[in-house]
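Chains as they are written, first to last, in the UniProt record's numbering: chain A, 1 to 411; chain B, 1 to 411; chain C, 1 to 411; chain D, 1 to 411. A virtual CB, placed ideally from N, CA and C, is assigned to each residue, including glycine. Computed from a predicted structure; not experimentally measured. Single-structure report; data block below.
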């Protein structure tokens with residue numbers, strides 16, 4: 001098992017301030033939502049906002065405070081069962097598909113829980129003795145990185161819940177314009193070849209699944225300097241992409257037929273009875289809006305991304321190609337727009353060992369049946385993404401902010 | 001098709017007052033619950049409290065106001081889709097299993113909806129011209145009876161939702177003691193025999209399924225003068241009732257095995273990890289309490305009721321036996337304790353015709369695959385029950401306040 | 001518990017000859033089928049031909065020989081597990097949906113099993129002492145009645161299996177013309193009213209569920225003197241019967257939509273790609289044939305029968321009406337064409353008690369969730385039907401030879 | 001798209017003889033089975049023996065004869081629908097889970113089909129003109145390789161079907177002893193490091209998924225020189241392997257719990273009621289036998305293989321490690337015992353392109369959600385395996401002859 005990697009080395013006040021800032025951001029994201037909104041769970045894979053708020057607090061309690069704050073008293077001993085997500089080593093768990101049934105504890109009780117945990121973490125940051133500090137610092141940083149992951153999930157999950165409501169209510173009235181891409185012509189950029197090193201090493205936080213840094217051998221390839229846009233994806237649809245079996249992986253084609261997929265999640269075709277219109281519309285955190293051809297296409301499954309690439313005479317990059325190219329060629333929109341599906345299954349890196357202890361369950365036990373996404377999205381908290389980051393989801397998942405960038409073989 | 005039966009004949013102010021009283025009672029029942037509690041749906045068969053509050057208002061809008069209040073403007077034209085339960089004739093419907101996803105409209109918006117509809121109904125009651133009055137009166141009364149049915153469902157449904165919460169929160173701190181039976185020895189009372197008339201006729205409200213009054217031929221039988229108690233049912237459990245196939249109907253035995261039933265819904269066996277205790281405990285609107293041997297057993301499926309009766313060397317009464325006996329012999333606890341499963345499938349009475357129009361869907365289209373329950377429960381609003389009332393649920397349903405009374409053949 | 005009713009009183013040789021005849025008929029029905037055909041199970045509710053042949057033999061072994069032939073040695077002690085259908089009192093059972101996996105024992109081994117059992121039953125019939133004879137006679141007769149029920153099921157089940165084969169092979173090249181009705185105009189015949197006795201009593205075999213004979217009170221009604229024809233049912237289809245919610249019970253309408261029912265089972269619409277044709281075609285034991293407008297409509301679910309009756313301005317008869325009318329008015333096609341759905345749930349008769357012992361599971365434990373069919377079909381072995389016979393199936397069942405006869409209220 | 005790779009270059013008579021030999025071997029494998037046995041389908045993933053016999057013939061018909069034998073007349077034009085497995089480009093398909101319903105065509109008709117197709121292929125091999133010969137040769141070879149894959153599947157599928165029969169019949173009375181391993185001590189052998197070439201290139205048949213040959217960068221590792229034995233796996237079980245969450249991938253642990261896995265498929269624990277015994281027993285083509293500690297463990301899912309490796313303080317090799325080591329170090333039991341799960345997801349090789357035309361669906365469209373197995377098994381036809389072969393199955397699949405070989409990091 002690996003030790004936790006060194007987090008960003010800093011002085012204690014800086015980490016305390018960062019802790020306060022990150023924790024406050026979660027509440028800010030939840031603020032536009034009513035207590036009812038924060039309790040709902042629209043599908044087993046999505047969690048209620050309130051659950052995210054509580055689970056991230058439980059994580060500090062179970063991973064940081066239980067080990068390093070000797071006098072700490074859990075807010076409520078029964079809540080570990082409710083807010084443990086999947087850590088077998090940390091006790092029993094409420095069934096995931098039933099998180100939405102937890103009307104109690106109430107939202108205000110969860111707010112009190114957060115305050116209780118925050119105060120204890122701040123106390124710990126102020127009082128930990130120097131010998132314990134490196135471990136405390138690393139675990140608090142992990143708790144914050146974890147919280148940031150849930151900040152994005154909070155948005156993806158509430159978006160899906162609002163989409164299930166026939167009224168199609170908006171999460172927020174206004175949205176930053178950051179998702180609109182410049183209408184760049186696409187350039188095919190040659191990436192590094194041969195035995196190329198990828199993965200995390202050295203200073204700065206990274207998850208265990210980004211290690212160890214190691215070499216992969218890359219054949220000559222080119223990678224698109226920008227993302228695929230909604231306008232381009234609409235051409236794929238118009239050309240019968242969702243009706244052409246030969247473009248699809250077998251499991252994807254089965255889903256197209258059984259789920260009757262005809263467009264990305266959150267797209268409404270012209271004339272759709274949910275909100276009749278003469279043009280394509282796209283539902284987002286801002287509500288329903290006309291399709292913006294220049295925006296990056298989002299909310300694709302891996303299957304759709306791969307089918308689009310096939311249709312375009314290209315393919316998806318591997319994660320090694322993506323990471324190697326991200327470090328060298330001048331690619332646009334690596335971060336802050338949409339996560340980018342790669343053609344790489346989420347396998348362990350050579351020499352990978354999970355962290356020691358319960359946090360070893362954080363990433364390692366999910367390394368089968370999933371695909372890697374790279375980059376980060378507009379919903380990713382600023383500063384959270386990095387080029388070595390390995391996000392992962394099953395190939396059928398569509399409710400993430402997931403799009404694609406093309407690649408192709410040859411120099 | 002039948003015309004609506006005459007409701008209780010009364011002066012307009014009396015109906016207006018009754019309308020206000022019944023409508024207020026729904027809000028009173030919801031009052032102990034937070035907005036979060038009122039939004040949750042714990043299984044497809046149960047509906048959120050908020051949905052009950054809105055649906056009963058929609059019913060007045062769609063059935064009374066749309067036809068008889070010409071200037072009435074619906075509160076929100078899109079809400080018919082959300083709050084229509086199952087009326088094919090009244091437009092499209094949100095899928096029943098997804099009622100819990102309706103965080104919008106918010107609870108306060110639903111309160112405003114109720115006020116809007118109530119005002120319009122009160123206006124109508126004040127202004128309807130004499131020619132329209134009989135129909136208005138009948139439909140408003142139907143709306144109130146409908147609301148009362150949902151008042152009971154509101155309680156059954158929230159009880160189930162709270163049960164699904166590992167914290168086992170109580171709906172209300174205190175509960176009336178009305179469910180405790182006097183510890184009567186059981187007497188077998190002979191019921192009326194031969195060609196006996198049952199069913200509703202004459203004055204007073206009744207649902208269409210209680211008509212027409214007609215004869216059924218009853219063989220000699222005896223019926224218990226009181227309900228089966230929790231203490232008696234506990235003996236059935238202790239005697240291996242849930243492990244003895246020969247006591248059960250085939251479908252019931254399959255459920256015992258696949259669902260691992262070992263006791264009524266809401267009973268916790270001694271030592272159950274959800275709330276360890278040395279004795280049986282029963283969850284109710286008041287929370288978890290030690291089993292009260294003298295209380296009527298409740299929350300049984302038909303299968304359990306029938307298996308208990310078989311074990312006791314008896315049987316369930318038919319609905320005709322129940323109704324005939326209720327009218328003559330001095331039976332205890334006919335109303336206000338628990339609904340009583342009968343051995344009668346929910347078939348139409350001879351000569352039955354549903355009401356004309358959309359309200360013809362109220363009862364008639366459900367007349368297959370269900371069993372009749374008679375009496376009424378502690379959760380039934382006072383004044384709502386009557387001896388001709390035909391409640392009905394599928395034989396596997398356990399989340400109602402459903403118990404049993406025994407019967408046997410012979411004089 | 002009831003004792004077995006007296007079977008047809010006869011001399012021993014007559015029963016021995018009847019036993020040989022009935023048992024041979026099962027083999028004759030299977031004869032057109034290959035060993036492969038006889039092994040297949042096309043859905044959980046249907047059983048393989050070979051399983052029918054073996055199960056009926058096991059029934060003699062377990063119910064007759066085990067109790068009354070002291071020296072009898074079971075053909076193979078392990079086969080009880082394979083061929084016990086649903087008798088909890090008679091040991092463990094192979095899961096019903098997996099009967100088609102039993103390629104072993106082979107068909108020829110099952111033939112040997114039948115011969116082994118037949119020889120032992122014949123020996124018993126020849127040697128049973130007079131004291132035991134009444135019970136032996138009754139149980140052998142029960143075994144034969146049971147076998148006859150499975151003879152019909154053998155045909156219904158293989159028909160369904162052949163239907164699932166895209167080649168639509170025929171069970172038999174030629175079929176008797178008995179299913180064609182004379183093109184009679186329909187007459188509405190008044191049935192007996194008042195306290196009318198129904199049910200079995202006296203000499204002759206009957207199942208326990210036909211007893212006791214008892215009175216039911218019948219309101220004035222009329223019943224059609226003939227069955228509904230395919231031509232009439234085609235008019236219902238052409239008039240949009242399968243698209244009109246108001247004609248259907250709620251559960252039936254849900255099935256129409258989820259299963260996309262548009263016609264009876266085994267009907268192919270004009271142009272169906274399975275076997276293109278300009279007209280309706282109907283699949284039967286004889287293969288695919290053009291729809292015969294004068295034949296009785298068959299292979300309906302209860303829901304379809306009830307919807308048709310509603311469309312026709314009529315209703316289904318209750319089972320008491322059917323039986324009372326069958327005994328008095330001159331109705332056509334009571335037997336030998338199609339089973340006739342009634343509007344009666346399969347509830348126990350007043351005073352009903354199942355037979356004593358394991359055979360008490362024969363009928364009684366299925367008395368919930370099913371509807372009664374009366375009469376008999378062209379697939380019923382001659383002599384097996386009678387007017388008091390209560391056949392029963394769930395309301396969604398369509399693979400039986402099930403049609404309908406109309407009734408209506410009033411004198 | 002790739003062209004078909006050159007097959008083994010040979011003279012025509014050699015290929016004709018090989019064709020006759022391979023085709024005859026399929027019939028020989030089916031010979032111990034009755035027509036009933038050959039028709040059964042025990043789960044959707046498995047196919048009936050008869051279907052394998054017919055499908056492999058259809059493959060020659062659709063892929064070879066349709067394109068290259070101009071006068072060829074299909075045996076029955078309707079059979080393409082029945083026996084096309086998954087080729088979207090080659091027309092409609094009977095649903096996979098319903099292959100067991102195809103009692104028609106009969107086994108003897110399928111035998112006639114095989115003879116018809118074989119004759120046409122032999123004619124083609126004798127008559128193809130030199131210009132067409134390379135393509136004909138390549139496609140016939142593909143048909144034979146395809147047939148060989150189905151020969152192994154025929155055995156895996158019938159083994160599963162026989163396992164589902166409570167009688168636990170044997171496929172064959174005697175089995176070769178080849179699966180017994182010499183009781184070797186395990187040696188950890190260092191494999192090649194750095195930029196190592198893997199994949200197929202040059203002469204000899206290979207599937208498209210084995211190309212192109214390319215480099216992968218291997219970190220230092222060691223690989224076990226022999227397979228894991230049943231005795232070793234039994235120690236894992238005895239040590240609580242199936243009860244220790246920390247050894248398992250998350251999805252695997254969920255299956256252990258929901259499917260109640262406690263041993264490999266086909267293992268019966270001491271005392272199992274299916275066949276009581278004091279020791280472990282293993283079901284195989286030879287029937288039930290006492291566990292042989294020296295035999296390679298087989299019929300593992302990927303999850304079990306990975307959990308065992310974790311328990312053993314090791315890991316599974318990647319497919320590149322396996323292939324590189326197979327070519328250099330002296331590993332035992334690479335072929336002919338059990339397929340060996342690797343830690344590699346079944347992703348396309350860099351530069352991979354599927355074959356042109358319908359046969360492009362052979363492998364490429366399955367490249368997601370599966371894991372690679374290397375080597376070959378005792379059920380693989382002799383001569384079919386090779387070191388570059390990429391077998392693949394979903395991680396939960398247990399009915400293949402699948403075991404494991406350990407690996408570990410470091411020099």
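**Request:** For my contact list, residue 283 of chain B and residue 155 of chain B are in at a C-beta cut-off of 8 angstroms; report their separation, rounded to the angstrom.
**Result:** That belief does not hold up - the Cβ atoms of residue 283 of chain B and residue 155 of chain B are roughly 13 angstroms apart, past 8 angstroms.
**Request:** Check whether the Cβ atoms of residue 279 of chain C and residue 270 of chain C lie closer than 7 angstroms to each other.
**Result:** Contact annotation: residue 279 of chain C and residue 270 of chain C have beta-carbon atoms nearer than 7 angstroms.
**Classification of residue 27 of chain C by the beta-carbon crowding that lies within 10 angstroms, buried from 16 upward** = The residue is exposed, with fewer than 16 neighbouring Cβ atoms inside 10 Å.
**Closest by C-alpha distance to residue 52 of chain B, when choosing among B:70, B:75, B:82, B:63** = From the listed residues B:70, B:75, B:82, B:63, the smallest Cα separation to residue 52 of chain B is found for B:82.
**Backbone CA spacing between residue 184 of chain B and residue 236 of chain B [nearest angstrom]** = It is roughly 19 angstroms from the alpha-carbon of residue 184 of chain B to the alpha-carbon of residue 236 of chain B.
**Item:** At least three beta-carbon pairs within less than 8 angstroms, the stretch 344 to 351 of chain A to the stretch 207 to 217 of chain A
**Value:** A contact is defined here as three or more CB-CB pairs under 8 angstroms, and the stretch 344 to 351 of chain A meets this definition with respect to the stretch 207 to 217 of chain A.
**Asked** Where does residue 177 of chain A fall in DSSP's three states?
**Response** Here the model assigns residue 177 of chain A a pLDDT of 44, short of 50, so the residue's position is not dependable, and the following value carries that caveat. Helix at residue 177 of chain A.
**Strand pairing of residue 228 of chain B, partner residues [DSSP]** = Beta-bridge annotation (DSSP): residue 228 of chain B is not paired with any residue.
**Prompt:** Any residues in the stretch 140 to 172 of chain A with a beta carbon nearer than 9 angstroms to a beta carbon of chain B? Which ones, in chain order?
**Reply:** Residues are counted here when their Cβ sits less than 9 angstroms from a Cβ of chain B; for the stretch 140 to 172 of chain A these are 161, 162, 164, 165, 166, 167, 169, given in chain order.
**Item:** chain C contact residues for residue 249 of chain B, given Cβ-Cβ distances below 8 angstroms
**Value:** Listed along the chain, the chain C residues whose CB falls inside 8 angstroms of the CB of residue 249 of chain B are 365, 366, 367, 368.
**Asked** Around the C-beta of residue 356 of chain C, are 16 or more other C-beta atoms found within 10 angstroms, so that it is buried, or is it exposed?
**Response** Exposed, since its Cβ has fewer than 16 Cβ neighbours within 10 Å.
**Prompt:** Does the pairing of the stretch 384 to 400 of chain A with the stretch 322 to 341 of chain A give three or more beta-carbon distances under 8 angstroms?
**Reply:** The stretch 384 to 400 of chain A, when compared against the stretch 322 to 341 of chain A, does touch it at the 8 angstroms Cβ threshold.
**Asked** Any idea if residue 376 of chain A is buried or exposed, counting beta-carbon neighbours within 10 angstroms, 16 or more meaning buried?
**Response** Classification for residue 376 of chain A: buried.
**Message:** Against chain B, with Cβ distances strictly below 7 angstroms, would residue 193 of chain C count as a contact?
**Reply:** Closer than 7 angstroms: no.
**Prompt:** Any C-beta of chain A sitting closer than 7 angstroms to the C-beta of residue 374 of chain D?
**Reply:** Chain A contact via Cβ: absent.
**Nearest-angstrom Cα separation, counted from residue 345 of chain B out to residue 70 of chain B** = The straight-line gap from Cα to Cα measures roughly 42 angstroms.
**Prompt:** Mapping DSSP to helix, strand and coil, what is residue 41 of chain D?
**Reply:** Here residue 41 of chain D sits in coil by DSSP.
**Message:** Against chain A, does residue 246 of chain B count as a neighbour if the rule is that its beta carbon must be under 7 angstroms from one of theirs?
**Reply:** Interface flag for residue 246 of chain B against chain A is unset, since no Cβ pair is found closer than 7 angstroms.
**Asked** Which residue or residues does DSSP assign as beta-bridge partners of residue 326 of chain C?
**Response** Residue 326 of chain C pairs with nothing; no bridge assigned.
**Message:** Among D:354, D:369, D:295, D:374, whose alpha-carbon lies nearest the alpha-carbon of residue 339 of chain D?
**Reply:** Out of D:354, D:369, D:295, D:374, D:374 has the C-alpha closest to the C-alpha of residue 339 of chain D.
**Message:** Between residue 101 of chain D and chain C, is any beta-carbon pair separated by less than 7 angstroms?
**Reply:** Flagged as an interface residue toward chain C: residue 101 of chain D, by a C-beta distance shorter than 7 angstroms.
**Message:** For a quick check, are the C-beta atoms of residue 224 of chain A and residue 186 of chain A less than 7 angstroms apart?
**Reply:** Yes.
**Prompt:** Under the rule that 16 or more other beta-carbon atoms within 10 Å means buried, what is residue 103 of chain C, buried or exposed?
**Reply:** Label assigned to residue 103 of chain C: buried.
**Request:** With DSSP as the reference, label residue 221 of chain B as helix, strand or coil.
**Result:** In the structure shown, the three-state DSSP call for residue 221 of chain B is strand.
**Message:** Between which residues of its own chain and residue 358 of chain B is the CB-CB distance below 8 angstroms, once the five residues before and five after are set aside?
**Reply:** Hits under 8 angstroms: 62, 63, 87, 89, 90.
**Minimum Cβ-Cβ distance from residue 211 of chain C to chain D less than 7 angstroms** = Taking Cβ atoms only, chain D never reaches closer than 7 angstroms to residue 211 of chain C, which makes this a no.
**Request:** Determine the extent of the beta strand (DSSP E) in which residue 195 of chain C is found, giving its start and end residues.
**Result:** Run containing residue 195 of chain C: 194 to 198, per the beta strand (DSSP E) assignment.
**Asked** Do you know how far the Cα of residue 153 of chain D is from the Cα of residue 298 of chain D?
**Response** Near 15 angstroms, if we compare the C-alpha coordinates of residue 153 of chain D and residue 298 of chain D.
**Request:** Pull up the distance between the alpha-carbon of residue 192 of chain D and that of residue 319 of chain D, whole angstroms please.
**Result:** When rounded, the distance between both Cα atoms is 13 angstroms.
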